[in-house]
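Q: Letter by letter, the sequence shown follows residues 21 to 288 in my numbering. Heads up, the beta-carbon is just placed ideally off N, CA and C, and yes, glycines get one too.
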Amino acid sequence: MAAKTPASERPKSEPWDTIRFLLKLALFVLIFRSFFITSFSIPSESMLPRLLIGDFLFVSKWNYGYSRWAMPFGVPAVPGKVFSRVPDRGDVVVFRAPEVLDHDVVKRVIGLPGDTIQMRRGQLILNGRAILKQRIADYVLPLTPNFDARRCDAAFLDVDAGRPVCRYPQFRETLPGGVSYAVLDQGQMPDRDDTDVYTVPAGHVFVMGDNRDDSGDSRFAAPDGMGYVPLENLEGKVLVTFFSTDGSAELWKPWTWVTAARWDRIGG
Numbered sequence: 021m022a023a024k025t026p027a028s029e030r031p032k033s034e035p036w037d038t039i040r041f042l043l044k045l046a047l048f049v050l051i052f053r054s055f056f057i058t059s060f061s062i063p064s065e066s067m068l069p070r071l072l073i074g075d076f077l078f079v080s081k082w083n084y085g086y087s088r089w090a091m092p093f094g095v096p097a098v099p100g101k102v103f104s105r106v107p108d109r110g111d112v113v114v115f116r117a118p119e120v121l122d123h124d125v126v127k128r129v130i131g132l133p134g135d136t137i138q139m140r141r142g143q144l145i146l147n148g149r150a151i152l153k154q155r156i157a158d159y160v161l162p163l164t165p166n167f168d169a170r171r172c173d174a175a176f177l178d179v180d181a182g183r184p185v186c187r188y189p190q191f192r193e194t195l196p197g198g199v200s201y202a203v204l205d206q207g208q209m210p211d212r213d214d215t216d217v218y219t220v221p222a223g224h225v226f227v228m229g230d231n232r233d234d235s236g237d238s239r240f241a242a243p244d245g246m247g248y249v250p251l252e253n254l255e256g257k258v259l260v261t262f263f264s265t266d267g268s269a270e271l272w273k274p275w276t277w278v279t280a281a282r283w284d285r286i287g288g
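So this is what it looks like as C-alpha cells:
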C-alpha cells in the first residue's frame, strides 16, 4: 500500500494561491478603508485656499465614530452611529450630503449643537460674537486646466510674473479656542454675506466652505447647500494631502503625470 504524501509536500496550485492572496488583500483594504483611513479627491473650489481642485487627501475614519456612511458604498447599513463624537470647531471634515444630493462633500465645521451662527456683511458671528477676521496678503492661484479662467470671476483675473492668475482678497479667521485658517471673500453678496440667525439643532453641525462666496454649505438648504449636517453623516477628518495635480496630465502620456503634479502641496 502506497504511503500518503504529506500535505506540506503536495504540489500547490499557483492560480489558487494568487486568488487567495488577492482575496485577503481585498479584505484587508476593505477593513482598512472602512475603519482607519480612506482617500478623497477635491472636485470644486469651495474650500480654497485650504484645498484645491485636484488635491487627493487622506481622511481618518475613527475621529467621529462609525455609521453606514463610514462603510464603502454605505454597506453594511449600520443603524445610527457607534462611538459617536462631536467634532471640534475648525475641523475640516468629509461627510455625506443630504439625500437630494447624495455624494461626499468636504467643508469646515463652524458650529456645534446649540450654537448660533450668522453672517453680517461678510463677518462671521458665532454665539452673538464677531469672529476675529484679519486682512492678509491676496491669495494668488495660477490658472491651470482644472482651474481655468471660466472658474475665476473676471474681476479677479490678473497676471503674476507673466503667468495668468486668479487673485482673491484673503482673510484670516480665528475661532474661539484658537483654531485659525484663511478664507476668501470676493465682495458683498447679500444672500451669502447677510443671513438670518441659524441655531444648530442637537445631533447636527454647521459647516461652511473657506471660499465663502463660492460654497454651497449650511447657510443654504439642499439642493443649493447642505443645511445642518447630521453627526451620523460625518465620515472622517481630513489629515493631509498626499498628491495633487493641476489637471494637465494625459492618461497615455506617463511623463505628464510628473509634470502635472503640484509637488509643493504634498504633505500639506
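If you draw a straight line from the alpha carbon of Gly182 to that of Asp213, how long is it in whole angstroms?
A: Against the sequence shown, residue 182 aligns to sequence position 162. Against the sequence shown, residue 213 aligns to sequence position 193. For Gly182 and Asp213, the distance between alpha carbons rounds to 34 Å.
Q: Does the contact criterion of 3 or more C-beta pairs under 8 Å hold for the segment 219–238 versus the segment 257–274?
A: Segments in contact, no.
Q: Could you tell me if Glu65 is buried or exposed, where buried requires 16 or more neighbouring beta carbons within 10 angstroms of its beta carbon?
A: Counted from its first residue, the sequence shown places residue 65 at position 45. It is buried - the Cβ of Glu65 has at least 16 other Cβ atoms within 10 Å.
Q: Around the C-beta of Pro107, are 16 or more other C-beta atoms found within 10 angstroms, so that it is buried, or is it exposed?
A: Here residue 107 refers to the residue found at position 87 of the sequence shown. Classification for Pro107: buried.
Q: Measuring straight from C-alpha to C-alpha, what distance separates Phe226 and Asp122?
A: Position 206 of the sequence shown, counted from the first residue, corresponds to residue 226. Position 102 of the sequence shown, counted from the first residue, corresponds to residue 122. Cα to Cα, Phe226 sits roughly 18 Å from Asp122.
Q: What residues are listed by DSSP as bridge partners for Arg261?
A: Numbered from its first residue, the sequence shown carries residue 261 at position 241. It should be pointed out that residue 261 corresponds to Thr in this sequence rather than to Arg. BP columns for Thr261 point to Leu77.
Q: May I ask which residues mark the beginning and end of the beta strand (DSSP E) holding Val203?
A: Taking the sequence shown and counting its residues from 1, one reaches residue 203 at position 183. Its beta strand (DSSP E) spans residues Ser200 to Leu204.
Q: To the nearest angstrom, report how far apart Val258 and Gly148 are at their CA atoms.
A: Indexing the sequence shown from 1 puts residue 258 at position 238. Indexing the sequence shown from 1 puts residue 148 at position 128. So the alpha carbons of these two residues sit roughly 28 Å apart.
Q: Just the Cα atoms here: how many angstroms apart are Gly287 and Tyr188?
A: Your numbering for residue 287 matches position 267 in the sequence shown. Your numbering for residue 188 matches position 168 in the sequence shown. Near 24 Å, if we compare the C-alpha coordinates of Tyr188 and Gly287.
Q: What are the boundary residues of the alpha helix (DSSP H) that includes Arg212?
A: The residue labelled residue 212 in the question sits at position 192 within the sequence shown. Per DSSP, Arg212 belongs to the alpha helix (DSSP H) from Pro210 to Asp213.
Q: Starting from Val16 and walking both ways along the alpha helix (DSSP H), at which residues does that stretch end?
A: Nothing about residue 16 can be read from this structure; the chain reaches only from 21 to 288.
Q: Is the distance from the Cβ of Leu72 to the Cβ of Arg285 below 9 Å?
A: Residue numbering aside, residue 72 sits at position 52 when the sequence shown is read from its first letter. Residue numbering aside, residue 285 sits at position 265 when the sequence shown is read from its first letter. In this structure, Arg285 lies closer than 9 Å to Leu72 by Cβ.
Q: Measuring alpha carbon to alpha carbon, tell me which of Glu119, Pro35, Val112 and Ala150 ends up nearest Pro243.
A: Translated into positions along the sequence shown, residue 243 becomes position 223. The option with the nearest alpha carbon to Pro243 is Glu119.
Q: Roughly how many angstroms lie between the CA atoms of Ile57 and Arg105, to the nearest whole one?
A: As a working note, residue 57 is residue 37 in the sequence shown. As a working note, residue 105 is residue 85 in the sequence shown. Cα-Cα distance, rounded: 17 Å.
Q: Considering only their Cβ atoms, is the gap separating Gly131 from Val185 smaller than 9 Å?
A: Walking along the sequence shown from the start, residue 185 turns up at place 165. Walking along the sequence shown from the start, residue 131 turns up at place 111. Not a contact, by the Cβ cut-off of 9 Å.
Q: Please report the residue range of the alpha helix (DSSP H) in which Thr279 lies.
A: Reading the sequence shown from its first residue, position 259 is the one you call residue 279. It spans Trp275 to Thr279 - the alpha helix (DSSP H) in which Thr279 sits, taken as one unbroken run.
Q: Can you tell me whether DSSP reads Phe56 as helix, strand or coil?
A: Position 36 of the sequence shown holds residue 56. Note: Phe56 maps to coil in three-state DSSP.
Q: Going by CA-CA distance only, name the one from Ala269, Glu252 and Arg128 that's closest to Lys101.
A: For the purposes of this step, residue 101 is identified with residue 81 of the sequence shown, where counting begins at 1. Residue Glu252 is the option with its Cα nearest to Lys101.
Q: Would you mind working out which of Asp111, Arg70, Ala117 and Phe76 sits nearest Arg232, comparing C-alpha positions?
A: Numbered from 1 along the sequence shown, position 212 holds the residue referred to as residue 232. Answer by Cα proximity: Arg70.
Q: By how many angstroms is the C-alpha of Ser200 removed from the C-alpha of Gly137?
A: Residue mapping note: residue 137 aligns to position 117 of the sequence shown, counting from 1. Residue mapping note: residue 200 aligns to position 180 of the sequence shown, counting from 1. This sequence places Ile at residue 137; Gly is not what is there. Taking the straight line joining both Cα atoms gives about 17 Å.
Q: In this structure, how does DSSP classify Asp180 when only helix, strand and coil are distinguished?
A: Residue 180 sits at position 160 when you count from the first residue of the sequence shown. It is a strand residue.
Q: Since Trp89 contacts Arg116 with CB under 8 Å, what's their CB separation in whole angstroms?
A: In the sequence shown, residue 89 corresponds to position 69, counting from 1. In the sequence shown, residue 116 corresponds to position 96, counting from 1. 4 Å between Cβ atoms; contact.
Q: State the DSSP-derived secondary structure class of Asn253, mapped to helix, strand or coil.
A: As a position in the sequence shown, residue 253 is number 233, starting the count at 1. Here Asn253 sits in helix by DSSP.
Q: Should Val79 go down as buried or exposed, given a rule of 16 or more other Cβ atoms within 10 Å for buried?
A: Within the sequence shown, numbered from 1, the residue matching residue 79 stands at position 59. Buried is the call here.
Q: By the DSSP assignment, the beta strand (DSSP E) with Phe226 in it spans what residues?
A: Along the sequence shown, one-based indexing puts residue 226 at 206. Phe226 -> beta strand (DSSP E) spans His224 to Met228.
Q: Note down, in chain order, each residue of its chain lying with its Cβ closer than 8 Å to the Cβ of Asp290, except the 5 sequence neighbours on either side.
A: The structure shown does not extend to residue 290, since the chain is modelled only from 21 through 288, so no value can be given for it.
Q: Please report the straight-line C-alpha distance between Ala175 and Ser87, rounded to a whole angstrom.
A: The count along the sequence shown starts at 1 and reaches residue 175 at position 155. The count along the sequence shown starts at 1 and reaches residue 87 at position 67. The alpha-carbon atoms of Ala175 and Ser87 are separated by roughly 43 Å.
Q: Take Pro151 as the anchor and find which of Leu177, Asp75, Ala202 and Pro196 has the nearest alpha-carbon.
A: Numbered from 1 along the sequence shown, position 131 holds the residue referred to as residue 151. One detail in the question is off: residue 151 reads as Ile in this sequence, not Pro. Nearest of Leu177, Asp75, Ala202 and Pro196 to Ile151, Cα basis: Pro196.
Q: For Pro250, which residues of its own chain have a beta-carbon under 7 Å away from its beta-carbon, when the five flanking residues on both sides are left out?
A: Translated into positions along the sequence shown, residue 250 becomes position 230. Within the same chain, Pro250 has close Cβ partners Gly223 and His224.
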